[in-house]
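See structure below.
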Amino acid sequence: MSNTPRTPGVVAGRLPSDVLARNFGDLHAPLGNHEAMVAADRCYFCYDAPCITACPTSIDIPLFIRQIQADNPEGAAKTILEQNILGGMCARVCPTETLCEEACVREAAEGKPVEIGRLQRFATDTLMATGVHPFERAASTGKRVAVVGAGPSGLACAHRLAMKGHDVVVFDAREKPGGLNEYGIASYKTVDDFAQAEVKWLMKIGGIDLRTGQRLGREIMLEELQKDFDAVFLGVGLAGVNALRAEGEEHAHVRDAVDFIAELRQSGNPGNVPVGRDVVVIGGGMTAVDAAVQSKLLGAEHVTIVYRRKPESMSASEEEQHLASSKGVRIITGAAPVRLKGGEFVTGVEFAYTEEGADGLRMTEETFSLKADVVLKAIGQHLDGAPGGLKLNGNKIAVDGPGRTSMAGVWAGGDCASGGDDLTVTAVAEGRDAAEDIHASLMG
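In the working numbering, the protein residues as written are 11 to 454.
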């Protein structure tokens, strides 16, 4: 909002600094040593553990919990990081309630799973606090690999390749590495600049040259990378934001939710970020929830999420929806925007109720309006400027197996590639697996 005209209703500093500090503190306090021991003691250490199968990176969860129980959190962290080098971030942002913890035997028996995510954070935070990097770089292979995108998939790919002895150059369009971990996740989930701390720790493997401000198709071209490097991995994410296709989208204070989240993450002080009194967020995913909750925490009086389908179709997990409700966010489902009202500035949104039938979703003639001085769009993203010659699957790069694209010597993973959920943990798995395939290909 810093680049748009402001009205009295859209201002920074709605709440006192001490209140903002509390609001944007750690969402889940880290476990202490005793708490971790108690939490670890609840694990059954299943032989055929369903939690491992439910984890996209296949972490040996019973093993790392047993290592915590044996007072070896550093060893537990290495078990985690061998499979998921961004295990610290995933412990904070992974929807464990729909993955490993949902599959936990304790969840089925008692309705209360082992706190796998918090135990993972305890282990990885303990190791990172020592400053030690538990992996060593293999002897140089003499091979060079370009990784485009310093998000979760690119970082995971780069680390695994560097560990194998390859020289890696990571290019990223933004000023800071981290991708959505740095720019697209709610501030209360990753406090104390954790995304950058994790990247710095990851880079200790050596053999990785990071170059920021390098956008594919502008400063760097795929054809040149193919000539200069032995292999290329694309982890460029989804930079394009879908349009509402509703009248009045051009009004001031109508903006993309991902930009709002990024502004808040980069502000250094939430009191510097303007917010309205009446905020409407359109969408039903994690981004919508993050934007809505943070608007409320900034001091917005009324915040409403409106999603076009049924509640069970929302991609935001049930726990995320409960978080939003607990912060005073209203959630309306089965409605789609028709028109954004206002002159220079947005003043409200008219919605139509929707119905789902054999022919898909349709708007009914029944409408309602919500007052709004800020509207945040969280209706999904798309691939922006895919290099020519790459086969696409829908609006993503088509891949086969461990990230192989239609171009020889080019791999892709993360949100920009087809297949898999758009989750940090999935992106890490795809980057890691592509790195293994690249290594096997380069070494014959």
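C-beta atoms are modelled at their ideal positions from N, C-alpha and C, and glycine is treated no differently.
Status (buried if at least 16 other CB within 10 Å, exposed otherwise) for residue i
i	result
serine 163	buried
valine 279	According to the sequence as given, residue 279 is asparagine; it is not valine. Its Cβ having fewer than 16 others within 10 Å, asparagine 279 is exposed.
serine 197	buried
valine 48	exposed
glutamate 208	buried
aspartate 81	exposed
valine 242	buried
methionine 231	exposed
threonine 374	exposed
methionine 324	buried
alanine 427	buried
leucine 333	buried
methionine 11	With a pLDDT of only 43 at methionine 11, under 50, the local geometry of the prediction cannot be trusted, and the value read off the model is given with reservation. Its Cβ being crowded by 16 or more others within 10 Å, methionine 11 is buried.
alanine 183	buried
threonine 89	buried
histidine 38	exposed
For residue j and residue i, believed in contact at Cβ under 8 Å, the rounded distance
i	j	result
glutamine 236	glycine 419	6 Å
arginine 287	histidine 312	7 Å
glycine 141	asparagine 252	About 42 Å separates the two Cβ atoms, so there is no contact after all.
leucine 274	leucine 25	Rounded, the Cβ-Cβ distance is 14 Å, inconsistent with contact.
leucine 254	lysine 387	6 Å
phenylalanine 239	valine 180	The Cβ separation is near 12 Å, so there is no contact.
proline 40	leucine 91	About 17 Å separates the two Cβ atoms, so there is no contact after all.
aspartate 425	leucine 248	5 Å
glycine 127	threonine 106	4 Å
alanine 50	glutamine 79	4 Å
Reference residue i; option with closest CA among the options
i	options	result
alanine 408	Gly395, Asp394, Gly423	Gly423
alanine 298	Ile271, Ala310, Asn94	Ile271
isoleucine 292	Ile341, Ser277, Gly281	Ile341
valine 158	Lys337, Val178, Ser150	Val178
asparagine 94	Gly398, His44, Ala168	Ala168
lysine 337	Ala326, Val316, Ser305, Thr357	Ser305
alanine 160	Gly245, Ala444, Gly216, His332	Gly245
alanine 22	His38, Gly281, Arg372, Gly411	Gly281
arginine 102	Asp269, Ile195, Ala148	Ile195
tryptophan 421	Gly398, Gly429, Ala445, Asn405	Ala445
isoleucine 69	Asp447, Glu354, Gly454, Thr436	Thr436
threonine 364	Arg318, Glu328, Ser335, Gly188	Arg318
serine 335	Asp300, Gly353, Glu354	Asp300
asparagine 405	Gly413, Gly411, Leu393, Pro412	Leu393
proline 66	Gly121, Tyr57, Cys104	Cys104
glycine 152	Ala183, Gly217, Gly121	Gly217
Other residues of its chain near residue i: CB distance less than 6 Å, five sequence neighbours each side excluded
i	result
valine 124	Arg52, Cys53, Cys114, Arg116
valine 290	Thr314, Val359, Leu380, Ala382, Val385
leucine 96	Pro162, Val438
glycine 227	Gly395
valine 201	Asp36
glutamate 185	Thr222
lysine 214	His143
threonine 357	Lys351
alanine 64	Leu109, Cys110, Ala113
arginine 442	Ala166, Arg170
tryptophan 211	Met138
glycine 258	Arg349, Leu350
aspartate 266	Val251, Lys387
alanine 86	Phe74, Gln77, Ile78, Ala133
leucine 30	Pro280, Gly281
glycine 188	Ala205, Val209
serine 451	none
7 Å CB neighbourhood of residue i in its chain, flanking five on each side removed
i	result
leucine 400	Ile407, Thr415, Ser416, Met417
leucine 402	Ala396, Ala408
valine 303	Ala196, Leu333, Ala334, Lys337, Val339
glutamate 329	Glu107
glycine 429	Val409
arginine 147	Ala172, Met173, Gly175, Ile215, Gly216, Gly217
arginine 372	Thr364, Glu365
Cβ neighbours of residue i in the same chain (closer than 8 Å, five flanking residues each side left out)
i	result
histidine 449	Arg170, Leu171, Lys174, His176
lysine 320	Thr343, Gly344, Glu366
proline 83	Ala46, Gln77, Phe132, Ala133, Thr136, Leu137
methionine 99	Pro162, Asn191, Thr200, Phe204, Ala205, Glu208, Thr434
cysteine 56	Pro72, Val115
aspartate 447	Gly411, Pro412, Gly413, Arg414, Trp421
alanine 149	Gly175
Any C-beta of chain C under 8 Å from that of residue i
i	result
alanine 439	Absent from the structure: chain C. Only one protein chain is present.
Point to revise | Completely contained alpha helix (DSSP H) runs for the region 273-334, where each covers 4 or more residues | key: 296-308
**Study point:** Runs of alpha helix (DSSP H) wholly within the region 41-80 (minimum 4 residues, chain order)
**Key:** 43-50, 60-64, 71-79
Practice item. Scan the region 131-215 and note each continuous alpha helix (DSSP H) run of 4 residues or more that stays entirely inside, going in chain order. Key: 162-173, 190-193, 204-212
**Study point:** Start-end ranges of the beta strand (DSSP E) lying completely within the region 334-389, minimum 3 residues
**Key:** 340-343, 345-352, 356-367, 370-381, 384-387
Point to revise | alpha helix (DSSP H) runs contained entirely in the region 214-253, provided each spans 4 or more residues | key: 232-238
Practice item. Write down every uninterrupted run of the alpha helix (DSSP H) in the region 85-125 whose length is 4 residues or greater and which is fully enclosed by it, in chain order. Key: 97-103, 110-113, 115-120
Review point. Unbroken alpha helix (DSSP H) runs of length 4 or more, entirely within the region 394-453: which are they?
Key: 434-452
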